[in-house]
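Its first residue numbered 1, the sequence shown is counted upward by one per residue in UniProt numbering.
Cβ atoms here follow ideal geometry from the backbone N, Cα and C, with glycine treated the same way.
This report refers to the structure that appears directly beneath it.
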Amino acid sequence: MNSNVHANAIRFVAEDLPPYHYLNAHGQPDGVLVDIAKALKAHSGLEAKFDILPMARAHYELQTKSDVVMLAWLKTPSRALNYQFLGSMCQSSASLIGLKTNSASLESLEQAKKYRVSTIRGYYSEYYLKEAGFSEEHDLVLASHYKSMWHMLYRGRTDFILTNTRTLQRELDELGLDPALLENKLTLHDFPSELHLAANLQFSKAQAKKLRESLAAIKTSGRYDEIVRKWQLLD
């Protein structure tokens with residue numbers, strides 16, 4: 001019995017990024033996507049545990065472990081060749097955000113090269129900016145975590161940050177920063193917007209099928225919307 005349960009066990013991993021996934025005041029994994037994953041666990045019958053890890057560690061686990069499922073990963077053409085994407089968990093919306101006191105007006109990403117632009121090291125947004133011609137030697141300032149990134153902006157150590165506007169309010173609330181001081185300087189319409197459940201190619205195809213089918217089922221039944229509504233994340 002125990003060996004069978006162990007053989008079927010999977011690990012949902014994610015970084016600390018409220019309200020999607022984070023450790024709550026009791027040190028337990030929490031968040032809208034954790035709740036959705038719990039619904040997937042219940043529907044699929046799969047044994048699962050949850051780990052909130054630094055992004056670099058979560059990515060390493062996704063790359064190297066055959067029992068790991070990332071709760072939310074941007075689906076890009078290159079990643080689609082090397083990973084199994086099991087369904088869309090939520091949408092993101094990428095923008096360059098700056099302080100209202102910064103009078104710069106941006107009509108294109110190219111124009112932002114005259115300024116310092118920040119994002120989080122190891123995120124797809126770092127790759128996106130480097131592909132667009134930004135460099136750490138010139139105009140790209142990378143942060144280790146969303147907390148340090150926001151403080152850099154508010155303290156004037158960077159001009160714009162590339163971030164998911166859907167997590168903005170929760171992050172600022174947590175840090176005690178005033179969102180009224182900010183404005184959206186440029187929406188990046190070509191930035192991938194779907195965050196998917198993802199596993200590597202060694203992950204069990206049978207388990208992947210169960211997760212895909214369970215995600216589709218909870219969306220059809222209304223359970224998915226119920227969870228998202230609880231977290232006040234419906235548009």
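Residue i to residue j, Cα distance in whole Å?
i           : j           : result
residue 58  : residue 52  : 8 Å
residue 136 : residue 159 : 14 Å
residue 35  : residue 221 : 15 Å
residue 189 : residue 81  : 23 Å
residue 163 : residue 63  : 24 Å
residue 181 : residue 215 : 38 Å
residue 115 : residue 20  : 30 Å
residue 213 : residue 132 : 37 Å
residue 209 : residue 110 : 42 Å
residue 231 : residue 167 : 12 Å
residue 15  : residue 73  : 10 Å
residue 78  : residue 84  : 12 Å
residue 202 : residue 65  : 8 Å
residue 3   : residue 207 : Per-residue confidence for residue 3 stands at a pLDDT of 39, beneath the threshold of 50, marking its modelled position as unreliable; the derived number appears in the next sentence. Cα to Cα, residue 3 sits roughly 16 Å from residue 207.
residue 56  : residue 205 : 25 Å
residue 229 : residue 143 : 31 Å
residue 5   : residue 152 : Low confidence applies to residue 5: its pLDDT is 43, below 50, so where it sits in the model is not reliable enough to give any reading.
residue 179 : residue 76  : 30 Å
residue 61  : residue 123 : 15 Å
residue 193 : residue 33  : 16 Å
residue 173 : residue 18  : 11 Å
residue 121 : residue 88  : 24 Å
residue 169 : residue 26  : 22 Å
residue 28  : residue 219 : 25 Å
residue 191 : residue 127 : 11 Å
Might you give, ordered along the chain, the residues of its own chain that have their beta carbon closer than 8 Å to the beta carbon of residue i, omitting 5 neighbours on each side?
i           : result
residue 9   : 46, 47, 48, 49, 67
residue 117 : 96, 129, 134, 139, 140, 141, 158, 159, 160, 161, 162
residue 101 : 181
residue 54  : 15, 16
residue 11  : 48, 49, 50, 51, 61, 65, 67, 68, 69
residue 251 : With the chain covering only 1 through 235, there is no way to say anything about residue 251.
Could you name the residues of the same chain whose beta carbon sits closer than 6 Å to that of residue i, not counting the 5 residues immediately before and after it, in chain order?
i           : result
residue 165 : 93, 95
residue 125 : 119, 162
residue 113 : 139
residue 90  : 195
residue 99  : 181
residue 24  : 30
residue 227 : 35, 36
residue 171 : 146
residue 156 : none
Could you pull out every residue in the same chain whose Cβ sits closer than 7 Å to the Cβ of residue i, ignoring the five residues on either side in sequence?
i           : result
residue 177 : 150, 154
residue 147 : 175
residue 41  : 48
Which whole-angstrom value is the C-beta distance of residue i and residue j, which I expect to be below 8 Å?
i           : j           : result
residue 217 : residue 43  : 6 Å
residue 195 : residue 86  : Rounded, the Cβ-Cβ distance is 12 Å, inconsistent with contact.
residue 71  : residue 39  : Not a contact, Cβ separation roughly 12 Å.
residue 278 : residue 211 : Residue numbering for the chain in the displayed model covers 1 to 235; residue 278 lies beyond these limits and cannot be assessed.
Count the C-beta pairs between the stretch 167 to 187 and the stretch 105 to 119 that are closer than 8 Å, then say yes if the count reaches three, no if not. yes
If you scan the stretch 91 to 177 from start to end, which runs of the beta strand (DSSP E) of 3 or more residues do you find wholly inside it? Within the stretch 91 to 177, the complete beta strand (DSSP E) runs of at least 3 residues are 94 to 99, 117 to 120, 140 to 143, 160 to 164.
Is the stretch 221 to 230 close to the stretch 125 to 136, with three or more CB pairs under 8 Å? no
In the stretch 9 to 86, which residue ranges form an unbroken beta strand (DSSP E) of at least 3 residues, counting only runs that do not cross its ends? 10 to 14, 48 to 52, 68 to 74
Entirely within the stretch 192 to 220 and at least 3 residues each: give me those beta strand (DSSP E) ranges in chain order. 194 to 200
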